[in-house]
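A.B. asks:
Rendered as structure tokens:
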């Protein structure tokens with residue numbers, strides 16, 4: 124199915140500015156960063172989490188541990204999605220027990236990924252609190268899940284696709300809105 | 024690109040790329056072995072039939088643990104009490120099992136090629152858990168995973184295999200896998216167990232040589248693989264256990280000829296004091312228990328790969344109609 128680019132939602136400097144703002148917001152609203160941890164959801168949540176952690180270092184030298192979580196094993200649509208599923212390695216090199224975890228992902232859509240991520244997180248321990256930070260919230264939720272920190276909320280239709288392209292993964296840095304043309 | 028693998032019958036036909044993919048996938052499951060909560064719901068509602076027509080304890084338990092950690096159920100065919108003993112044909116037995124609608128069949132059989140034969144008649148994935156003297160793919164993969172973890176690579180290593188190589192499906196799977204990554208092999212054991220034909224079993228171009236003396240075989244090795252001396256076979260050609268110990272046992276003095284960072288593998292069960300001295304079995308170079316842990320991870324990866332997705336038919340329907348989930352598969 125051909126996809127046509129309709130608009131650019133964010134440029135590289137805009138992504139950068141947004142991540143810095145999110146870093147500030149998280150630090151500001153966490154009430155102490157002692158137990159704070161960022162966990163990026165594979166794949167694009169991972170570089171985003173790393174960049175937010177880097178930005179936090181610039182704020183009074185706040186050092187926050189970063190983990191990565193692959194949610195493939197926790198999906199509810201595994202048997203619908205692909206003939207054979209491929210998983211990346213999860214890597215959470217610290218105990219999440221009693222931690223103040225911020226999950227980081229690129230796009231919040233149906234909410235199913237976040238549901239799966241929380242299940243995955245509980246297998247690692249019992250965090251004190253879990254919050255969610257996304258670069259783009261595009262609506263159309265199918266679960267009672269909302270993000271605490273949002274880079275940008277965008278109104279979209281069902282046929283549209285939002286692609287967050289990051290230099291670590293895509294050799295390109297921008298957010299675009301695509302449409303499937305029938 | 025995900026290589027498409029329907030069954031896992033042997034490592035010989037798989038490419039280096041496919042093998043690396045399987046090892047990478049296993050990596051993710053190794054991490055789960057360290058989780059406080061090891062049980063996943065990924066394969067909930069699926070069932071795995073374990074049909075071991077030949078005795079096995081550890082492989083069967085390992086596949087069972089892999090299935091249950093992924094949330095799948097298992098159906099166990101108990102060979103000792105089964106209809107096989109009553110003279111039922113292999114195909115009738117597996118048809119019966121298949122009629123109970125498992126999603127995957129894991130089987131071991133004393134006849135080489137039996138899993139492949141069965142796979143031709145079933146529409147579910149078949150995993151070879153060891154067939155005669157042919158192959159033992161999951162063991163080959165777990166050996167490679169263990170080597171890669173300890174040595175950082177499986178490329179261009181010197182691998183020494185000691186023992187009854189002629190009867191060993193483990194050795195064959197290891198050679199087929201590691202040979203594709205440029206490893207060189209030295210085989211050593213009593214001459215009747217190391218026939219000349221073994222020099223030709225690897226992938227084209229693989230260097231396989233035979234050594235008569237263990238001291239010579241171990242010299243400069245990166246990995247020393249031991250095989251179980253099948254004590255029941257020892258007296259078949261004339262070689263007493265004490266002769267075997269004298270000539271072929273891996274002990275500290277002999278292992279010193281290998282590289283200092285060399286590791287020792289054994290597929291188990293070990294005969295302590297026969298093919299391996301206790302100090303080596305319990306020493307820092309021994310990877311025996313890591314192999315067992317890695318075995319569960321490798322088998323989880325195999326089951327996940329074969330029955331974790333939507334299957335072939337679903338793949339076709341999905342290619343056309345996949346409205347909501349596209350590049351951002353889940354969100």
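Residue numbers (my numbering), protein chains in the order written: chain A, 124 to 305; chain B, 24 to 354. Quick reminder that beta carbons are idealized off the backbone N, C-alpha and C, glycines included.
Name the chain A residues whose beta carbon is nearer than 8 Å to that of residue 108 (chain B)?
C.D. replies: Correct list: empty, because the minimum Cβ distance to chain A is about 37 Å.
A.B. asks: Using a Cβ-Cβ cutoff of less than 6 Å, which residues in the same chain neighbour residue 211 (chain B) once the five nearest sequence positions on both sides are dropped?
C.D. replies: 185, 234, 237, 240
A.B. asks: Return the Cβ separation of residue 215 (chain B) and residue 251 (chain B) in integer angstroms, given the expectation that the two are a contact with Cβ distance under 8 Å.
C.D. replies: Not confirmed; about 16 Å, so no contact.
A.B. asks: How long is the line joining the alpha carbons of residue 162 (chain A) and residue 296 (chain B), rounded to whole angstroms?
C.D. replies: 49 Å
A.B. asks: Do you know offhand how far residue 221 (chain A)'s Cα is from residue 191 (chain B)'s?
C.D. replies: 50 Å
A.B. asks: With three or more C-beta pairs closer than 8 Å as the rule, is the segment 90 to 103 of chain B touching the segment 58 to 72 of chain B?
C.D. replies: yes
A.B. asks: Taking only beta-carbon positions, decide if residue 175 (chain B) is within less than 8 Å of chain A.
C.D. replies: no
A.B. asks: Along the beta strand (DSSP E) that carries residue 259 (chain A), what are the first and last residues, could you check?
C.D. replies: 252 to 260
A.B. asks: Taking C-alpha atoms, which residue in A:285, A:254, A:257, A:198 lies nearest to residue 236 (chain A)?
C.D. replies: Looking at the Cα atoms, A:198 is the closest of the given residues.
A.B. asks: For a contact defined as C-beta to C-beta under 8 Å, what are the partners of residue 59 (chain B) on chain A?
C.D. replies: 246, 247, 248
A.B. asks: Cβ closer than 8 Å: which chain B residues qualify as neighbours of residue 81 (chain A)?
C.D. replies: As displayed, chain A neither begins before 124 nor continues past 305, which places residue 81 (chain A) out of reach and without an answer.
A.B. asks: I want to know whether the segment 313 to 320 of chain B touches the segment 164 to 173 of chain B - three or more CB-CB distances under 8 Å.
C.D. replies: A contact exists between the segment 313 to 320 of chain B and the segment 164 to 173 of chain B.
A.B. asks: Can you list the residues of chain B that residue 196 (chain A) reaches, using a CB-CB cut of under 7 Å?
C.D. replies: Around residue 196 (chain A), the beta-carbon contacts reaching into chain B at under 7 Å are 63, 65.
A.B. asks: Where do the ends of the beta strand (DSSP E) carrying residue 55 (chain B) lie?
C.D. replies: Note, residue 55 (chain B): premise wrong, no beta strand (DSSP E); alpha helix (DSSP H) at 39 to 56.
A.B. asks: For the segment 169 to 196 of chain A, which residues have a beta carbon sitting closer than 9 Å to at least one beta carbon of chain B?
C.D. replies: Listed by position along the chain: 193, 194, 195, 196.
A.B. asks: For the segment 226 to 242 of chain A against the segment 268 to 278 of chain A, are there 3 or more C-beta pairs whose distance is under 8 Å?
C.D. replies: yes
A.B. asks: Below 6 Å CB to CB, which residues in the same chain sit around residue 134 (chain B) once its five sequence neighbours on both sides are set aside?
C.D. replies: The residues are 155.
A.B. asks: Interface residues of chain B around residue 226 (chain A) at Cβ under 9 Å?
C.D. replies: What residue 226 (chain A) touches in chain B: nothing, since even the nearest Cβ is about 12 Å away.
A.B. asks: Going by DSSP, name the residue or residues bridged to residue 286 (chain A).
C.D. replies: A:299
A.B. asks: Between residue 66 (chain B) and residue 95 (chain B), is the Cβ-Cβ spacing less than 8 Å?
C.D. replies: yes
A.B. asks: Mapping DSSP to helix, strand and coil, what is residue 243 (chain A)?
C.D. replies: helix
A.B. asks: Is the Cβ of residue 54 (chain B) closer than 8 Å to any Cβ of chain A?
C.D. replies: yes
A.B. asks: Could you compute how far the alpha carbon of residue 130 (chain A) sits from the alpha carbon of residue 300 (chain A)?
C.D. replies: 5 Å
A.B. asks: Shorter than 8 Å from the beta carbon of residue 354 (chain B) to some beta carbon of chain A?
C.D. replies: In this predicted model, residue 354 (chain B) has a pLDDT of only 43, less than 50, meaning its place in the structure is not dependable; the value taken from the coordinates is given anyway. So yes, residue 354 (chain B) belongs to the interface.
A.B. asks: Mind checking which residues open and close the beta strand (DSSP E) that includes residue 323 (chain B)?
C.D. replies: Residue 323 (chain B) -> not in any beta strand (DSSP E); alpha helix (DSSP H) instead, spanning 311 to 330.
A.B. asks: Could you compute how far the alpha carbon of residue 347 (chain B) sits from the alpha carbon of residue 282 (chain A)?
C.D. replies: Confidence at residue 347 (chain B) is low in this model, with a pLDDT of 37, below 50, so its placement is unreliable and the value that follows should be read with caution. For the pair residue 347 (chain B) and residue 282 (chain A), the Cα-to-Cα distance works out to about 7 Å.
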